[in-house]
Structure formats: C-alpha cells, structure tokens
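Q: Below you will find the structure I want to go over with you.
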Amino acid sequence: MRTDNGQGLNARKQPQQARSQATVDAIFDATIQVLLAEGLQRLTTIRVAERAGVSVGTLYQYFPQKQALLFAVLQRHLERVVSATEAAAGSAHNATLSAMVKAVVAAFVKAKTENLDESRALYAVALELDSRDYVREVQTRSRVALEAMLKTASDAQFDDIPTTTFMFMGALAGPVRSLLENKPPPSMIRKLRGQLESLCLGYLEREARPK
C-alpha cells in the first residue's frame, strides 16, 4: 500500500457544516479504533464505515480510497502535535532557556503520549504511506517556531540558530520515535518528560553564550 510521498491522497471534499464535521470526526475516530483492533493490513473502508455508523457511500463522499482516509487521519494527528509545539514555543518568547525547554517538552510529550496506542498506530501509517513531503512540511513549521523562540532567550544567545534548532528537534523527536517503535515499561514513559528536559537543556546550555 505504499504511495509516493502522499501524492493524490487529499480528501475529496472538506466538511462545511457542523453536521458534516461530526460525520468526518466519527469516521476518523472509527479509523483509529479499527487500526487498534484489527491492525493496518486488515483495515478496510467497510469496517471503518460500520464502526462509524455511516454508509460506505458517505465515507467515499469525503475519502475516495483507503489511503486518502489514512492520510487524513495522519494529518489530523500531526496537526495536533505541531500546533501544540507552535503554541508552546510562542508562549515562551523572552523566557529563560530552562523555561523554554520545559514548555516545549511538556507540550510535545503530551501531544505524542496522551494516547500512546493511537500514536503508535499512526506512526505505522506514516511509514506505510511514505508521506515524506507532508512530514517535512510539519517539521518546517516546528523548526520555524523553535528558531523564533530561541532567538528571544533572555539568558542566552546562539551563534548558529539553524543548527542548534535542528539538533534540539532531533533531541526531542529521537527518544519519542524509539518509544513508538518499541514498548518500554510504563515507568520509563512516566520519566520521559523529565529525561527529555535534561537532554535538551543540557545541549542548549552547552551551545549557548551568555547574553
């Protein structure tokens, strides 16, 4: 089912009214439920429609194929993550490095782990769809938000903001990616936020110059 960088996977139409949006939300939630219950390979539009309580014809009004549906669900998930990151970064302008890291890490970890099974299922979807272009678009938004934040740090400045931001993003995403690919014990998941704060802040403090 691999596709070429998400090409041709856009929804057929966008919901314009509250009732239509509720239908699409029900379809999205049903897709997650089927993914978790049946797995990616057994997911079909018929199973999703049945779980959502809509006809297959209604589903096809919005999503012309299974891949388009999966891509839309993945978009919704990643939009939540990047929006949380952007909001946290924006709220931390002119703060100390420590406060910046706490804000961004808290938002990112919450967005990725508050429903860990869903995140794992959609991580597999991202790999299957090969949606690299869209993922790069999301990463660019995060990078821009984090760069803008770091430039305003009240207690530090950086000689190479783009490189520093790139490494910061890698430090954030790497452990979370490993968590999605594996199944660490609950105790490790509970410690993730604090460990990520130490990792990211340690790097940033080493690269920073006093302001």
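In terms of full-length UniProt numbering, the sequence shown is residues 1 to 211.
All C-beta atoms in this analysis are idealised placements derived from N, C-alpha and C, irrespective of residue type, glycine included.
No experiment lies behind these values; they were computed from the predicted model shown.
1. Measuring CB to CB, does arginine 201 end up less than 9 angstroms from proline 175?
2. Take methionine 100 as the anchor and find which of Val135, Ala121, Glu114 and Ala153 has the nearest alpha-carbon.
3. Three or more beta-carbon pairs under 8 angstroms between the stretch 72-82 and the stretch 121-139, yes or no?
4. Assuming serine 142 is part of the alpha helix (DSSP H), what are its boundary residues?
5. Could you give the DSSP three-state label for glycine 202: helix, strand or coil?
6. What are the uninterrupted segments assigned as alpha helix (DSSP H) that are 4 or more residues long and contained completely in the UniProt domain "HTH tetR-type" (21-81), given in chain order?
7. Which of the three DSSP states is assigned to glycine 8 in this structure?
8. Let me make sure I understand the geometry here. Which of Thr85, Leu97, Ala148 and Val24 has the alpha-carbon closest to that of leucine 162?
A: Based on what the coordinates show:
1. To locate residue 201, count along the sequence shown from 1; it is residue 201. To locate residue 175, count along the sequence shown from 1; it is residue 175. Checking the sequence, you will find leucine at residue 201 rather than arginine. Result no, Cβ atoms of leucine 201 and proline 175 do not sit closer than 9 angstroms.
2. The sequence position of residue 100 within the sequence shown is 100, counting from 1. Nearest option by C-alpha distance: Ala153.
3. Verdict: yes, contact present.
4. On the sequence shown, position 142 is the one that residue 142 refers to. Serine 142: member of the alpha helix (DSSP H) spanning 132-150, first to last residue.
5. Taking the sequence shown and counting its residues from 1, one reaches residue 202 at position 202. Judged by DSSP in its simplified three-state form, glycine 202 adopts helix.
6. As for any alpha helix (DSSP H) of minimum length 4 sitting wholly inside the UniProt domain "HTH tetR-type" (21-81), the runs are 45-52 and 56-62, ordered along the chain.
7. Here the question's residue 8 lines up with position 8 in the sequence shown. Residue placement at glycine 8 is flagged as unreliable, the pLDDT there being 48, under the threshold of 50; a coordinate-derived value is accordingly withheld.
8. Within the sequence shown, residue 162 is the residue found at index 162, counting from 1. The question names leucine, but residue 162 is proline in the sequence shown. The residue among Thr85, Leu97, Ala148 and Val24 with its C-alpha nearest the C-alpha of proline 162 is Ala148.
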